[in-house]
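Trainee: Chains as they are written, first to last, in this note's numbering: chain F, 38 to 208; chain U, 676 to 1164. Beta carbons: idealized from backbone N, C-alpha and C, even for Gly.
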């Protein structure tokens, strides 16, 4: 004869197991429905885009309007080791700015994008100190004044960006 | 696509052949477990590839597929020749016959989930790798390695570039697998480099399918399999080449093989466990925590055992740990050599949030840790109870069953498994208590990943609990022992 306490424990155990199986079945059904809805609901061309689209076109789609920035950088600053990015480190725009620079950096390496934050309240801010150094600068609407740099040249520009070359020793 | 068909075949086929050869050397052939074999082969092959590429890079040999692929194929052939006399572990014999409809249901579930993952890989391939952690952490490091061509001064310079490689201390398997793809294209590619990482998705499903089917009847195994396949992060891992999927696969294979060894007593499972567990430490720093938790959970009962039996078992465990220990030491030395360290103690990089948002430099104090308990528990509770598609209820069920049925959860056959999973969770809790990051931000960006690392293994654990409580739902297979090498061919 089975002891009543043991029998209760066995029943509880079996009940828990059925509960677990019920939850797993529920979640499996929900997961399958969700996956079907997500995958079957997409246009066929999305599923085969990788076979029908050239990699350059995929990159262009990914960059959107920043494709112009990439093309300008490749045209004017190809082979450059380091390119400074001038920006205002505002907490509300920093995340979007980071996404933007990560995208550009992904396609530019081995050219490195080096942050050159500009604080409009201070005369200058953040490393690296640019005074004695020239080189290429991608200005992302930072509002930095480049007039002090002798021989500063704007190589290309768009709505919210500017590619400049600064002469060394100026500024 | 940049790669042609032949190159794609090489990208996938060479690691698989290398993995199959490595498995054969350890006494595992396709017939040992037809479902899991490809998954195990992918793990072993990619680990072999990662190790081989590391040696290649240290030697400074040309990073071209025309050299690399034949070298790895020759290695696979040599391993197969060495493995001719190694006895093959025979498959488990089916002890019970299940209705045809139920077996069909399982086959359909496996096919459909594999097809869904394959479709997600295709969808993801319509986007270049240029955003989030997959670009910042892994693809960036792969680019640095590929451009440098070896682990020399150029590689060191690339790692040190401000803001380009995030977390340069992360283990190198993911980037090395991307380098493998770049080597086939002869240039940096931005789409196909995800493929070797994405293929851990199908590997996860095959290993989970085999593990579940071995223990549960087909209908029950199918339900658990669909749950694991439709986990939010399993699907997301097809879109993004993160290393979290590798940790989840590593944890599942670790515990599945451990349980197999407990069930069969076959040493071949321990051999494969010892080598496959290296996936954890080669993928992400969290993997080391899994390995330590496993070591503690498996070693503790042996330490408590008295006499020569306990000492012998401890010696065996230590012997099996050699590949892991070598991996851990090499990776620690690698980071020290290049002067990179864990981000929890490193300074903030460019383009990161302003430093005033961070809580760095305060040191670990009891007071600070105690202030963090509430937000950590609240975030953890959200993972357990809210957003069911994130954990598919598996984390909730694991905790519920451990809490309400501890006698069986810590029973003879599953105590190590249960303890190991709990220790990993406690380890993660300790990391959050001591983090130098602002706690809410750290939790928001990482907790769902850490929870995912354990979910496939927790799915297997819940399945074991269910079939032990309800024997009529069990799979009913039994071990057929080891066949001779000659007989196995």
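Quick one, which of U:934, U:1041, U:1060 has its alpha-carbon nearest residue 1089 of chain U's?
Mentor: One-based indexing of the second chain puts residue 1089 of chain U at position 414. It is U:934 whose Cα lies nearest to the Cα of residue 1089 of chain U.
Trainee: Please work out which residues of its chain come closer than 7 Å, Cβ to Cβ, to residue 1010 of chain U, disregarding the five sequence neighbours upstream and downstream, and give them in chain order.
Mentor: Numbered from its first residue, the second chain carries residue 1010 of chain U at position 335. 844, 1016, listed in sequence order.
Trainee: According to the neighbour-count rule (16 or more other Cβ atoms, all chains shown, within 10 Å of its Cβ), is residue 187 of chain F buried or exposed?
Mentor: In the first chain, the residue the question calls residue 187 of chain F occupies position 150. Classification of residue 187 of chain F: exposed, given that the 10 Å Cβ count is below 16.
Trainee: Taking residue 977 of chain U as the reference, give the member of U:1091, U:1111, U:860 with the closest Cα.
Mentor: Looking up residue 977 of chain U in the second chain gives position 302. The shortest Cα separation from residue 977 of chain U among U:1091, U:1111, U:860 belongs to U:1091.
Trainee: Are residue 849 of chain U and residue 921 of chain U close, meaning C-beta to C-beta below 8 Å?
Mentor: Taking the first residue of the second chain as 1, we reach residue 849 of chain U at position 174. Taking the first residue of the second chain as 1, we reach residue 921 of chain U at position 246. Yes.
Trainee: Please list the partners that residue 88 of chain F has in chain U, where partner means a Cβ-to-Cβ separation under 8 Å.
Mentor: Reading the first chain from its first residue, position 51 is the one you call residue 88 of chain F. Residues of chain U passing the Cβ test: 676.
Trainee: When Cβ atoms are compared, which residues of the region 123–148 of chain F fall closer than 8 Å to chain U?
Mentor: So the close ones are 126, 128, 131, 134, 135, 136, 138, 139, 140, 142, 143, 144, 146, 147.
Trainee: Tell me, which residues are paired with residue 124 of chain F by DSSP?
Mentor: If you number the first chain from 1, residue 124 of chain F lands on position 87. Bridge partners of residue 124 of chain F: F:154.
Trainee: Mind checking whether residue 956 of chain U and residue 932 of chain U have CB atoms under 8 Å apart?
Mentor: Here residue 956 of chain U corresponds to residue number 281 of the second chain, with the count starting at 1. Here residue 932 of chain U corresponds to residue number 257 of the second chain, with the count starting at 1. Contact flag unset, no.
Trainee: Starting from residue 173 of chain F, follow the beta strand (DSSP E) in both directions and report where the run begins and ends.
Mentor: As a first step, residue 173 of chain F is located in the first chain; it is residue number 136 there, counting from the start. That run of the beta strand (DSSP E) goes 172–176.
Trainee: For residue 1146 of chain U, go through chain F and note every residue whose CB falls closer than 7 Å to its CB, in chain order.
Mentor: Here residue 1146 of chain U corresponds to residue number 471 of the second chain, with the count starting at 1. Going along chain F, no residue has its Cβ under 7 Å from residue 1146 of chain U, so there is no contact; the nearest lies around 10 Å.
Trainee: My output table needs one value for residue 191 of chain F: the three-state DSSP class, helix, strand or coil.
Mentor: Position 154 of the first chain holds residue 191 of chain F. In the structure shown, residue 191 of chain F sits in a strand (DSSP, three-state: E or B).
Trainee: Answer yes or no: do residue 826 of chain U and residue 732 of chain U have a C-beta to C-beta separation smaller than 8 Å?
Mentor: Reading the second chain from its first residue, position 151 is the one you call residue 826 of chain U. Reading the second chain from its first residue, position 57 is the one you call residue 732 of chain U. Taking 8 Å as the Cβ cut-off, residue 826 of chain U and residue 732 of chain U qualify as a contacting pair.
Trainee: Where do the ends of the alpha helix (DSSP H) carrying residue 199 of chain F lie?
Mentor: The residue you call residue 199 of chain F lines up with position 162 of the first chain. Note, residue 199 of chain F: premise wrong, no alpha helix (DSSP H); beta strand (DSSP E) at 199–203.
Trainee: Spatial neighbours of residue 1038 of chain U within its chain, please: C-beta separation below 7 Å, excluding the five flanking residues on both sides.
Mentor: The residue you call residue 1038 of chain U lines up with position 363 of the second chain. Bear in mind that the predicted position of residue 1038 of chain U carries a pLDDT of just 49, short of 50, making it too unreliable to give a figure here.
Trainee: Mind checking if residue 83 of chain F is an interface residue toward chain U, Cβ cutoff 8 Å exclusive?
Mentor: For the purposes of this step, residue 83 of chain F is taken as residue 46 along the first chain, with counting starting at 1. Taking Cβ atoms only, chain U reaches closer than 8 Å to residue 83 of chain F, which makes this a yes.
Trainee: Residue 910 of chain U: which of U:879, U:896, U:1050, U:681 sits nearest, CA to CA?
Mentor: As a first step, residue 910 of chain U must be located in the second chain, where it is residue number 235. Here the closest residue by C-alpha is U:879.
Trainee: With distances taken Cα to Cα, identify the nearest neighbour of residue 71 of chain F among U:752, U:971, U:791, U:718.
Mentor: Sequence index remark: in the first chain, residue 71 of chain F carries index 34 (1-based). Of the candidates U:752, U:971, U:791, U:718, the one whose C-alpha sits nearest the C-alpha of residue 71 of chain F is U:791.
Trainee: Determine the contact status of residue 796 of chain U and residue 676 of chain U, defining contact as a CB-CB distance below 8 Å.
Mentor: Locating residue 796 of chain U in the second chain gives position 121, counting from the first residue. Locating residue 676 of chain U in the second chain gives position 1, counting from the first residue. Against a cut-off of 8 Å, the Cβ pair of residue 676 of chain U and residue 796 of chain U comes out as no contact.
Trainee: Do residue 148 of chain F and residue 118 of chain F come within 8 Å of each other at the CB atom, strictly closer than that value?
Mentor: Locating residue 118 of chain F in the first chain gives position 81, counting from the first residue. Locating residue 148 of chain F in the first chain gives position 111, counting from the first residue. Closer than 8 Å, so yes.
Trainee: Between residue 905 of chain U and chain F, is there a C-beta pair that is closer than 8 Å?
Mentor: One-based indexing of the second chain puts residue 905 of chain U at position 230. Interface residue, yes.
Trainee: Do you know how far the Cα of residue 719 of chain U is from the Cα of residue 705 of chain U?
Mentor: Against the second chain, residue 705 of chain U aligns to sequence position 30. Against the second chain, residue 719 of chain U aligns to sequence position 44. Answer to the nearest angstrom: the Cα atoms are 14 Å apart.
Trainee: Name the chain U residues that come within less than 8 Å of residue 71 of chain F, Cβ to Cβ?
Mentor: By 1-based counting over the first chain, the position of residue 71 of chain F is 34. By Cβ distance, chain U contributes 905, 1064.
Trainee: In terms of residues, what are the limits of the alpha helix (DSSP H) holding residue 1109 of chain U?
Mentor: By one-based count along the second chain, residue 1109 of chain U stands at place 434. 1090–1109 is the extent of the alpha helix (DSSP H) around residue 1109 of chain U.
Trainee: Mind listing the chain F neighbours of residue 801 of chain U? Cutoff is C-beta to C-beta under 8 Å, in chain order.
Mentor: In the second chain, the residue the question calls residue 801 of chain U occupies position 126. Within chain F, the residues near residue 801 of chain U are 83, 86, 87, 90, 95.
Trainee: Considering only residues of the same chain and omitting the five flanking positions on each side of residue 739 of chain U, which have a CB-CB separation below 8 Å?
Mentor: Within the second chain, residue 739 of chain U is the residue found at index 64, counting from 1. 858, 861.
Trainee: Given a threshold of 16 other Cβ atoms within 10 Å of its Cβ, counted over all protein chains shown, does residue 873 of chain U qualify as buried or as exposed?
Mentor: Locating residue 873 of chain U in the second chain gives position 198, counting from the first residue. When all chains shown are included, residue 873 of chain U counts as buried.
Trainee: Is residue 951 of chain U near residue 966 of chain U, with beta carbons less than 8 Å apart?
Mentor: Here residue 951 of chain U corresponds to residue number 276 of the second chain, with the count starting at 1. Here residue 966 of chain U corresponds to residue number 291 of the second chain, with the count starting at 1. Against a cut-off of 8 Å, the Cβ pair of residue 966 of chain U and residue 951 of chain U comes out as no contact.
Trainee: Of the residues F:151, F:180, F:203, which one's Cα is nearest the Cα of residue 172 of chain F?
Mentor: Here residue 172 of chain F refers to the residue found at position 135 when the first chain is read from its first residue. Residue 172 of chain F has its Cα closest to that of F:203, out of F:151, F:180, F:203.
Trainee: Quick one: what's got a C-beta closer than 8 Å to residue 1166 of chain U's C-beta in the same chain, skipping five residues either side?
Mentor: Not covered by the structure: residue 1166 of chain U. The range shown for chain U is 676 to 1164.
Trainee: Looking only at its own chain, which residues have a Cβ that is under 7 Å from the Cβ of residue 176 of chain F, when we skip the five neighbours before and after it?
Mentor: Looking up residue 176 of chain F in the first chain gives position 139. Cβ neighbours of residue 176 of chain F beyond the five flanking positions: 123, 198, 199, 201.
Trainee: May I ask you to list the residues that DSSP assigns as paired with residue 119 of chain F?
Mentor: Within the first chain, numbered from 1, the residue matching residue 119 of chain F stands at position 82. F:149, per the DSSP bridge assignment.
Trainee: Take every Cβ of the region 1064–1082 of chain U, pair it with every Cβ of the region 1125–1137 of chain U, and state whether three or more of those distances are shorter than 8 Å.
Mentor: Because the criterion of three Cβ pairs below 8 Å is met, the region 1064–1082 of chain U and the region 1125–1137 of chain U touch.
Trainee: At a Cβ threshold of 8 Å, is residue 117 of chain F touching chain U?
Mentor: Sequence index remark: in the first chain, residue 117 of chain F carries index 80 (1-based). Chain U contact via Cβ: absent.
Trainee: Got a sec: which bits of the region 820–836 of chain U sit with their beta carbon under 8 Å from any beta carbon on chain F, in order along the chain?
Mentor: The region 820–836 of chain U vs chain F, Cβ under 8 Å: 822, 833, 836.
Trainee: Between residue 972 of chain U and residue 1095 of chain U, how many whole angstroms is the CB-CB distance? I'm expecting something under 8 Å.
Mentor: Counting from 1 along the second chain, the entry for residue 972 of chain U is found at position 297. Counting from 1 along the second chain, the entry for residue 1095 of chain U is found at position 420. Right, the Cβ-Cβ distance comes to about 4 Å (below 8 Å), so this counts as a contact.
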